[in-house]
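Numbering (our numbering), first residue to last: 24 to 1192.
Using N, Cα and C, we set each Cβ at its ideal position, and we do this for glycine too.
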Amino acid sequence: MSCWPELNSNGTSHRKYDVFISFRGEDTRFGITDHLYDALIHKSIKTYIDYQLNRGEDVWPALSKAIEDSYISIIVFSENFATSKWCLEELVKVLECRKDHGQIVIPVFYKADPSHIRNQKASYETAFAKHERELGTKDSISNKSKVLKWKAALTEAANISGWDSHTYEKESILILKIVNDVLEKLQLRYPNELEGVVRNEKNSECVESLLKKFRILGIWSMGGMGKTTIAKVFFAKHFAQYDHVCFANAKEYSLSRLLSELLKEEISASDVVKSTIHMRRLRSRKVLIVLDNVESSDQFDYLCRDYHDLTQDSRLIITTKDKQLLRGRVDWIYEVKHWEDPKSLELFCLEAFEPSNPREKYEHLLQKAITYAGGVPLALKLLALHLRSREIEFWVSSFKKLDKYPDGRLHKVLRVSYDELDALQKKIFLDIAFFFIGEKKERVTKILDACGFEPNSGIVVLKDKALITVSNNHTIQMHDLLQKMGSDIICNDCGEDPATHTRLSGTAAFEVIEENKGSSSIEGIMLDLSQNNVLPLTSDTFTKMKALRILKFHAPSSLQKCTITYPYLPKFLKLFSKKLRYFEWYGYPFESLPQPFHAKFLVEIRMPHSNVKQLWQGMKELGKLEGIDLSECKHLIKLPDFSKASSLKWVNLSGCESLVDLPPSVLCADMLVTLILHRCTKITSVRGEKHLNCLEKISVDGCKSLKIFAVSSNLIENLDLSSTGIQTLDLSIGSLEKLKRLNLDSLKLNCLPEGLSSVTSISELKISGSALIVEKQLLEELFDGLQSLQILHMKDFINQFELPNNIHVLSKLKELNLDGSNMKRLPESIKKLEELEILSLVNCRELECIPELPPLVTLLNAVNCTSLVSVSNLKGLATMMMGKTKHISFSNSLNLDGHSLSLIMENLNLTMMSAVFQNVSVRRLRVKVHSYNYNSVDACRPGTSIPRLFKCQTAADSSITITLLPERSNLLGFIYSVVLSPAGGNGMKKGEARIKCQCSLGKEGIKASWLNTHVTELNSDHTYVWYDPFHCDSILKFYQPKICFEFYVTNDTTGEVDSSIHIKECGVRQVSVAELETVLPELELDSQKKKDLKKAVELESGRRITLKPIVQESIEENNENKSHFFNVEERIESSNKEINTNAGTSHEENVTNTAKVVSHYNHGGKKSI
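The following block contains the structure:
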């Protein structure tokens, strides 16, 4: 049985399998593949494996059909995977389904190195040599194309996030992780909120069509019309085609939470000021964001303020009931209209009739049902569920009731399901409607259970009746119309006087507080303090509320701070109800809770940003208490004894700056999972008396006075000790077998923790801002032990240190940040870090040289490296593009010698040309295989002029008009350059700015306008060069003989032109097909990859390209004869002149002449070998 709920949607077939497994039988059939299949079946995940083929069945059609009929494909890469043509064909088919149908692909690298798969090295290189020998004998274009597709498929698949067996000691743990990953992805693939939904295909098709044209789409209608469902259907169908995705209810999401979900890492509220930087990390990726139920323009602007940073392939969908807030903010507004009768009838009948219950005898009543619902999908579904499986007499009786309320018919339709609930289920519905929308189901269940409402069964009933939904992240949701119905029910049942209502919120709650009209009827009261920030209180405001179970004075999580004014604040509050189950009061104004305070039944206490000094004195019965939030309580000096809090799971004390001691009872709580203490600046000791079996997360970062830290737990994965006063760790850190992230930033450690090198599970290590004296030998030992490291930060080291030569053992390292550290050189072996993508050297003021770097580096930040003189060959960066942006900056590194500056520009040119030509491969092959993005490049170095290769350039101007190449098929893209100068020569000292480019096409007017490269503080003239492919297609679509490009520098904050920076020169370069003949020999690619690239360009341009072999000496040898040294720019320019002067010669002769010229210049005028 499949773990999937049926998606009953018109025209959408349910797939036969959840998972398809592709594997090399001789490697893994009786090992991991067999065990993985058993584990998936055990979890009721319907899985296809090739031994399910029937006897006599034609193998490939059956396999191909099985792949198409699966939601997820798992590719088990093993050593001999590539030796099988069947496996390679399966892989191509899987990636076709990923591209065309949104199929999810999960690679499993079983005893196989991802880099070998990506680059076809080791056994994969051997396998392809054999394939090429066997297929090459036939010398057909189709066979060459087949090998090209296989290689491209391996490269793409190896770049998909997957599971590496080398990371896990036990195969059983690896299998468990894969199965859990599959379950999570299946839940995301078709969210359970879509269960039983009939889609209005017209709406879905219109939205899909619009999102092919527009980046930002607004979906607008009244409530209940299915805006959210339309967005969810698009999200579920297409999310797998994007690199980063988020479906967010705007009322629940802060900017930090949105960024956290997109980046899959924790972004704190204090980091929101860096949102532009965080979004820039996504600028080369495809991003899909859905903001559901946006209610205000402030909300929209707050969450979407940096969306313009993202690529043209990214999409933003906004749903709202307010059309006005969409105007001027989205590219298109789509209105969801009332459903027409045929579609309404389809949805109603789907919900109202069992398959075994024919509808014929009800036909005469169906039109009445459709009329009552008025084309509103929510009303249709609720009415249908109410009438489902009922006799005709029940239908007739229900319709008679609805006929009595012609003006409130929709409300009555919504209420029929509520009226069927029992007493406890009605209480659950009303509590959720007033207090718990958007809250985690587990939390709500615990609170309602403490109220005696039997929520485990009650919540299921509400869900079955479509009165609530439970989202993928386990939050409870309720439609706005149903929430309004809950409010109306209270008013109708309890009378007009708010004091008689059982539940209060909004203006009614404020009226009761303001007029001190509390009564024994009130069971719950909620105020949004951001909407009611002036709160009049008296000492007896709550004394009459004897039945009060829930008090919720909250501020939205999207607000960093909410200020509340109390005009008549008494000295103290009198007693609260003894029935309290949930107590939340943001900014509680008193120094303690009322005495005595009855906490016996309390499940949670939440009092962030409060004035409290001490909650209560002595010990209390706290058997139900699971969590306490006293974050940012600046005056809290003492915590009570929690010895009797046997259910305590989480404690948040972040920002409690006056708290001196942590009671031993907290670290003795057997059920404790999370303890947050960051920025408790006066705490000196965190010491546990016993081993904690449940503790997973503890944070003490920013506890400046903390000297002693001794906590024992085997489950801790994330340990943040940054910015504390710890000098010696009293912690057997080597026993933290599950530790993945360790942050030791800004510690005053005398030495690194003993046993650190034995924590082989660590993937992220930060040791920044340290006065440690780190010996080279110690780092060697550390690197030998931590070979699972993916992120290493050694920023702002005061004392000089040297990275050891064995850094290459960190084969999984993706990010190396050495900003501000005191070192003179990097080891030559850094070029062997094949997975390294980010190398940051900002403010490394002692650094003198940069060696050759590995090809996967996408970010090289050598800003303010004031001693930097020499940069080695960076040609390797042109090799592996992987659909990403290469960002290279040497801004304010003003001591670079002339040779290095020339070499940097030469290598940048090669990298950009490589990106142009590799993008051709993406275009030609992605129809069948590729779904990753275009390659792009942006770079900066000190300089006063546009590079000479830019034939179209202007001095003392910020705009340029160029004449396009005569043949459209000959033009592959544009490369741009500007020279920026700080106005007045005083340097740019403002915040970040960006270069804006605006393109005009003759009579067609402006066809493209976009922001690009970021500009930071500049101390002198700098040359910026970039290649941005995303607008080339739209420009060439309106192919005009002349194009005008205008460049501006705009302030990131205001969006206006930044007067502190002056554009001295600008240039635009057209990249033509002919230049491949000169550039390709320069690229450090193996011969087969060069052939593949050449083939793709030939297919794109429709012309044949002939390359001649070129023997090239090293840069150092060329420098021996500087009078004959020409950079790549000059060589290409010379080659083009040769081609132009030989216009009458054959194409082959032109290519030969070009090869001779390049070969001659590459050897300093010496004779070629």
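1) Can you tell me where the alpha helix (DSSP H) with N845 in it begins and where it stops?
2) Assuming R156 is part of the alpha helix (DSSP H), what are its boundary residues?
3) With respect to the beta strand (DSSP E) encompassing R710, which residues constitute its N-terminal and C-terminal limits?
4) Which of the three DSSP states, helix, strand or coil, is assigned to E369?
5) Please identify the residue among L770, I470, M248 whose C-alpha is closest to the C-alpha of F624.
6) How far does the beta strand (DSSP E) with A254 in it reach, from first residue to last?
7) Quick one: grab the DSSP three-state call for K1013.
8) Runs of 3 residues minimum, wholly inside the segment 650-722: which ones carry the beta strand (DSSP E) assignment?
9) Within 10 angstroms of its Cβ, does D41 collect 16 or more other Cβ (buried), or is it exposed?
10) Look at C726 and V696 and say whether their C-beta atoms are less than 8 Å apart.
11) Under DSSP, the alpha helix (DSSP H) around Y395 begins and ends at which residues?
12) From this set, T986, E1098, N845, A885, which residue's C-alpha is nearest A938's C-alpha?
13) Taking the continuous alpha helix (DSSP H) assigned at M630, which residues delimit it?
14) Would you kindly report the start and end of the unbroken beta strand (DSSP E) that includes F732?
15) To the nearest angstrom, how far is it from the Cα of G921 to the Cα of V1080?
16) Less than 8 Å separating the beta-carbons of E875 and S893?
17) What are the boundary residues of the beta strand (DSSP E) that R1092 is part of?
18) Quick check on H267: does DSSP put it in helix, strand or coil?
19) Please classify L199 as buried or exposed, where buried requires at least 16 neighbouring CB atoms within 10 angstroms.
20) Can you grab the Cα-Cα spacing for the pair S1158 / V943, in whole Å?
21) In whole angstroms, give me the CA-to-CA distance for L233 and G461.
22) Locate the alpha helix (DSSP H) running through A407, then write down its first and last residues.
23) Roughly how many whole angstroms lie between the Cα atoms of L305 and K907?
24) Under 6 Å Cβ to Cβ from D652, same chain only, skipping five residues before and after it: list those, please.
25) Under the rule that 16 or more other beta-carbon atoms within 10 Å means buried, what is A668, buried or exposed?
26) DSSP three-state label for H139, please.
27) Rounding to the nearest angstrom, what Cα-Cα distance links D445 and D503 in this structure?
28) Would you list the one or two residues that DSSP bridges to M642?
29) Excluding the 5 residues flanking S954 on each side, which residues of the same chain have their C-beta closer than 7 Å to its C-beta?
30) Contact between the segment 242-256 and the segment 477-495: three or more CB pairs below 8 Å?
31) Have a look at R38, D57, H139, E1121 and flag the residue whose alpha-carbon is nearest the alpha-carbon of D92.
32) Please check the pair S544 and T523, which I expect to be a contact at CB under 8 Å, by giving their CB distance rounded to whole angstroms.
33) Can you give me the start and stop residues for the alpha helix (DSSP H) that P84 sits inside?
34) Can you tell me the Cα-Cα spacing of Q322 and A273, whole angstroms?
35) Beta-carbon within less than 7 Å of A254's beta-carbon, same chain only, minus the 5 sequence neighbours each way: which residues are those?
36) From R350 to Y357, what does the alpha carbon distance come to, in whole angstroms?
In short, the structure shows the following:
1) Neither: N845 is in no alpha helix (DSSP H) and is coded neither H nor E.
2) Per DSSP, R156 is one residue of the alpha helix (DSSP H) stretching across 146-159.
3) Where R710 is concerned, the enclosing beta strand (DSSP E) starts and stops at 708-710.
4) Correct three-state label for E369: helix.
5) Ranking L770, I470, M248 by Cα distance to F624 puts I470 first.
6) Careful: A254 lies outside any beta strand (DSSP E), inside the alpha helix (DSSP H) at 250-261.
7) Low per-residue confidence applies at K1013: pLDDT is 49, beneath 50, and the placement is therefore not dependable enough to give any value.
8) Here the runs fully enclosed are 650-652, 673-675, 697-699, 708-710, 720-722.
9) With 16 or more other Cβ atoms from the protein chains shown falling within 10 Å of its own Cβ, D41 counts as buried.
10) Not in contact: C726 and V696 (Cβ atoms no closer than 8 Å).
11) Note, Y395: alpha helix (DSSP H), 386-396.
12) Nearest option by C-alpha distance: E1098.
13) Taken as a continuous stretch (DSSP letters only), M630 belongs to no alpha helix (DSSP H), as it is neither H nor E.
14) Its beta strand (DSSP E) spans residues 731-733.
15) Cα to Cα, the separation comes out at about 33 Å.
16) 8 Å or more divides the Cβ of E875 from the Cβ of S893.
17) 1084-1095 is the span of the beta strand (DSSP E), which, as asked, contains R1092.
18) H267 falls in the strand class under three-state DSSP.
19) Burial call: exposed.
20) For S1158, the predicted model reports a pLDDT of 39, less than 50, meaning its position is unreliable; a value from the coordinates is still stated below. Approximately 22 Å between the Cα atoms of the pair.
21) Distance from the CA atom of L233 to the CA atom of G461, rounded to whole angstroms, is 30 Å.
22) In the DSSP assignment, A407 falls within the unbroken alpha helix (DSSP H) covering 400-410.
23) Distance between the alpha carbons of L305 and K907 is about 10 Å.
24) Correct list, in chain order: R629, P631, N675.
25) Only buried fits A668, as 16 or more other CB atoms lie within 10 angstroms of its CB.
26) Three-state result, H139: helix.
27) When rounded, the distance between both Cα atoms is 22 Å.
28) Beta-bridge partners of M642 (DSSP): D664.
29) Caution applies to S954, whose pLDDT of 37 falls short of 50 and renders its modelled position unreliable; the value that the coordinates give is listed next. Non-local beta-carbon contacts of S954 in its own chain, meaning distances under 7 Å to residues more than five positions away in sequence, involve R121, K122, Q264 in chain order.
30) Segments in contact, no.
31) It is R38.
32) Right, their Cβ atoms sit about 5 Å apart.
33) Note, P84: alpha helix (DSSP H), 82-91.
34) Rounded to the nearest angstrom, the two C-alpha atoms are 7 Å apart.
35) These residues qualify, in order along the chain: I242, V313, D315, I340, T342.
36) Rounded to whole angstroms, the gap between the alpha carbons of R350 and Y357 is 12 Å.
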